[in-house]
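The first sequence lines up with residues -2 to 422 when you count with this note's numbering.
All C-beta atoms in this analysis are idealised placements derived from N, C-alpha and C, irrespective of residue type, glycine included.
All values derive from a computational prediction rather than experimental measurement.
As structure tokens, the structure follows; a few thoughts come after it.
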Amino acid sequence: MLQISFIRQNIDFVKERIQHKNFKEVSIVDSIVALDEQVRKLKVESETLQASMNTASKEIGMLMGKGEKGLAEEKKEEVSKNKSALQQLNEQLGAAEKQLQDELVKLPNLPHSTVPKGKTPEENEVVRAGGNKPVLPETAVPHWELIKKYDLVDFETGAKITGSGFPLYKGKGAKLQRSLIQYFLDYNTAAGYTEYLPPLLVNEASAYGTGQLPDKEGQMYHATADNFYMIPTAEVPVTNIYRDEIVKESELPIKMTAYTPCFRREAGSFGADVRGLNRVHQFDKVEIIQLVHPEKSYEVLEEMVQHVEQLLQNLQLPYRLLRLCGGDMSFASAITYDFEVYSAAQQKWLEVSSVSNFESFQSNRLKARFKDANGKTQLVHTLNGSSLALPRIVASLLENNQTEKGILLPEVLHAYFGKNSIGDL
RNA sequence: GGAGACGUGUCCGAGUGGUUGAAGGAGCACGCCUGGAAAGUGUGUAUAUGGGAAACUGUAUCAAGGGUUCGAAUCCCUUCGUCUCCGCCA
């Protein structure tokens, strides 16, 4: 959520930037400004009235203390008269505030000046690429075939237990998940991130805090009996650690990492996109999250991008780094970099990480703040990135490293996996 | 899930309708004292938001939300959380 004071002072700029994000309802900005003005006007009226009533009440208290009952009774009646007027004012004020809030949450974050123009994924900018695409033998097959061959994931039984898109990992497949998770966490903690293992269900306030609500309600599984939401990413519970908190400037940057399963309804997905591990309803992901000083957030963004990039290099996967165009970026993001790995048998680029700077958009909703050197409270900037999402990493590892006899694993995984390959190598 | 107790500022803790944003203490900050420190001592010490150039000032906040009242930390209702006992359970 953008700060109302900022919008108020930069109306034209806000209008210009949201269009860059392919946001059409520019008129919302005008209605926000109008509502804000109305709210403030009503507030002054209401508070002035309230103040006079408060003063009168105190006077009544003093009169009672002196035993001057008659005078006190007179005052009481006087104040009573104002009550309905105040109530009316407050109703108007409440309605206006709600309207303002409703409009405010519809407004996306403003894209950073370096975000490329564009509306579709095709217009994303390739920043750089790394690793080498493998040359596969004629007999190479996509990962869902390899999964069958080595009995790594049982999709059918997963569908029986729950539904399609809920993979049942098995044997070496399960162990590979565990190895990757542990490797990623170790890699992140070595870089100074503190490991968390958060709740996987969150309440409404948390879902709202990171912007999943009201925006992406349909994307989350909702446990209605208790009104909890299953997390679509660790970002939600972990970022909410600092909801309504004020930290000392010296505590920044706060670096956190967490492994969690992620649950996504992915309503409307179909076809080749959902084949095998390409898109599933439950998947494992290790996330990195930082809360930083506003002046440092772009520096930290670069640092996080490099951190993820190194991880992909360690896994020896061919990858490319994209700077997302305005239209393809998420609602809350000011700038987003995506990492994609090349899955050689499918001959497809698969998104495995998304690194974003939210600036103060999330922290404004969360009220995650710090006290600066002058003792003023300021919003922190929040950033997060996947390091990494597992299924597509697994897909790419399997496809790119397949041989006649088995699948070779990158060296960094050998110790975790307890073996250097899957199969009879 | 049932029964009971409770939820006050950074922390401890007083406060059952009237100048209480909240006694007292601790902590913290700054000053005095000291060769330096400790002790002692003085002052200050919430957040949000409106108005104001500023000094300053209005409003709200004693878990959250609602209600009663001229007036609520104090009374009532709902929700959430903590603790104790019982039940269930890994």
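For residue i, verify whether its CB is less than 7 Å away from any heavy atom of the ligand ATP.
i: Leu(-1); result: Because no ligand of any kind appears in the structure shown, any question about the ligand ATP cannot be addressed here.
With DSSP as the reference, identify every bridge partner of residue i, one or two as the case may be.
i: His304; result: According to DSSP, which records beta bridges pairwise, His304 is partnered with nothing at all.
i: Pro258; result: Asp281
i: Met227; result: Leu198
i: Lys426; result: Since the displayed the chain opens at -2 and closes at 422, residue 426 lies outside it and no answer follows.
i: Leu380; result: Gln287 and Asn354
i: Ala220; result: Phe225
i: Lys252; result: Gln287
i: Tyr339; result: Trp346
i: Gln399; result: Ile404
i: Ile332; result: Asn354
i: Val123; result: Leu319
i: Thr191; result: Met253
i: Ile419; result: Ile404
i: Leu165; result: Asp151
Can you tell which of the options has its C-alpha closest to the C-alpha of residue i?
i: Val199; options: Gln209, Tyr190 and His140; result: Gln209
i: Ile404; options: Leu385, Leu194, Lys293 and Asp148; result: Asp148
i: Asp99; options: Ser360, Pro211, Ile286 and Gln344; result: Pro211
i: Thr236; options: Ala365, Glu337 and Glu142; result: Ala365
i: Glu370; options: Arg261, Ser340 and Val244; result: The residue you asked about is not Glu; residue 370 is Ala in the sequence shown. It is Val244.
i: Lys402; options: Glu408, Pro388 and Asn417; result: Asn417
i: Ile228; options: Lys252, Ser203 and Gln313; result: Ser203
i: Tyr190; options: Val409, Pro388, Tyr413 and Gly382; result: Gly382
i: Leu60; options: Ser54, Glu74 and Ala69; result: Ala69
i: Val30; options: Asp9, Val124 and Lys146; result: Asp9
i: Gly324; options: Arg5, Lys114, Lys103 and Asn185; result: Lys114
i: Val391; options: Lys172, Pro108, Lys213 and Asn361; result: Lys172
i: Ala137; options: Lys103, Val352 and Ser340; result: Ser340
i: Pro234; options: Tyr334, Glu192, Gly273 and Asp270; result: Glu192
i: Val271; options: His140, Ser28, Arg317 and Lys293; result: His140
i: Lys21; options: Lys66, Lys116, Gln47 and Lys95; result: Lys116
i: Ser43; options: Lys73, Glu88, Ser28 and Lys78; result: Glu88
i: Pro407; options: Glu142, Tyr180 and Thr374; result: Tyr180
i: Thr374; options: Leu387, Leu380 and Ser360; result: Ser360
Compute the beta-carbon to beta-carbon distance between residue i and residue j, rounded to the nearest angstrom, for a pair I have assumed lies under 8 Å.
i: Thr230; j: Leu182; result: The Cβ separation is near 16 Å, so there is no contact.
i: Asn397; j: Pro131; result: 5 Å
i: Val112; j: Ile332; result: 6 Å
i: Leu385; j: Leu308; result: 6 Å
i: Lys18; j: Pro108; result: 5 Å
i: Leu347; j: Arg389; result: 4 Å
i: Leu249; j: His304; result: The pair is not a contact, with the Cβ atoms about 18 Å apart (cut-off 8 Å).
i: Glu71; j: Ala53; result: Contact doesn't hold; Cβ gap of about 11 Å is too wide.
i: Phe367; j: Val377; result: 5 Å
i: Val26; j: Ile4; result: 7 Å
i: Arg276; j: Glu263; result: 6 Å
i: Gly170; j: Ile144; result: 7 Å
Leaving aside the five residues before and after residue i along the sequence, list all residues of the same chain whose C-beta is less than 8 Å from its C-beta, in chain order.
i: Ala93; result: Leu32, Gln35, Val36 and Leu39
i: Gln16; result: Val23
i: Gln6; result: none
i: Asn121; result: Pro113, Gly115, Leu319, Arg320, Leu321, Cys322, Asp325 and Asp335
i: Arg14; result: Leu107 and Pro108
Let me know if residue i comes out buried or exposed under the rule of 16 or more other beta-carbons within 10 Å of its beta-carbon.
i: Thr207; result: buried
i: Met326; result: buried
i: Arg320; result: buried
i: Ser2; result: exposed
i: Ser161; result: exposed
i: Arg356; result: One point to set straight first is that residue 356 is Glu, not Arg, in the sequence displayed. It is buried - the Cβ of Glu356 has at least 16 other Cβ atoms within 10 Å.
i: Val283; result: buried
i: Gly91; result: exposed
i: Thr257; result: buried
i: Lys63; result: exposed
i: Ala342; result: buried
i: Phe267; result: exposed
i: Asp223; result: exposed
i: Asn129; result: exposed
i: Leu194; result: exposed
i: Lys252; result: buried
i: Ile419; result: buried
i: Arg125; result: exposed
i: Gly273; result: buried
i: Val123; result: exposed
Between residue i and the rest of its own chain, which residues show a CB-CB distance below 6 Å, the 5 nearest in sequence each way excluded?
i: Tyr166; result: Val150 and Gln174
i: Phe358; result: Asn106 and Ala329
i: Leu363; result: Gly206 and Arg240
i: Ser176; result: Leu410, Tyr413 and Phe414
i: Tyr226; result: Val199, Ala204, Met217 and His219
i: Leu314; result: Gly128, Val338 and Ser393
I'd like the list of long-range same chain contacts for residue i, defined as Cβ closer than 7 Å, with 5 residues on each side in sequence excluded.
i: Phe152; result: Pro164
i: Glu242; result: Ala365
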